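In what follows, a structure is listed as structure tokens, so that the remarks can point back to it.
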Amino acid sequence: MSPNFYTVYIMHQLVIVAAMIPFLRAAMPTALKFIFVALISVPACFAVSDLIRRIPYTKRVLG
């Protein structure tokens with residue numbers, strides 16, 4: 001397992017909401033919105049997690 005999973009678990013709500021905001025008023029099917037948000041948010045969650053874990057002492061707190 002990736003050492004980033006706990007940080008991803010903590011941050012995924014924020015990333016998903018941020019990824020969904022541009023699609024709120026988009027005239028497209030919900031399933032298509034879901035696919036776009038999933039394709040954006042999964043890599044973004046791991047990128048944000050990696051950036052957070054580079055901050056000194058966060059590895060100690062986040063595992």
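For the sequence shown, UniProt numbering begins at 1 and goes up steadily by one. All residues carry an ideal CB built from backbone N, CA and C; glycine is no exception. Source: prediction; values computed, not measured.
Cβ-Cβ separation, residue j to residue i (assumed contact under 8 angstroms), whole Å
{"i": "residue 41", "j": "residue 15", "result": "5 angstroms"}
Same chain, Cβ closer than 8 angstroms to residue i, five either side skipped, listed in chain order
{"i": "residue 10", "result": "62"}
Residues of its chain near residue i, where Cβ-Cβ distance is below 6 angstroms and the 5 sequence neighbours each way are ignored
{"i": "residue 20", "result": "37"}
Same chain, Cβ closer than 7 angstroms to residue i, five either side skipped, listed in chain order
{"i": "residue 48", "result": "11 and 15"}
{"i": "residue 46", "result": "4 and 8"}
Nearest residue (CA-CA) to residue i, options the options
{"i": "residue 17", "options": "44, 59 and 28", "result": "44"}
Q.
Restricting to runs no shorter than 4 residues, where is the alpha helix (DSSP H) found entirely within the segment 4-42?
A. 5-20
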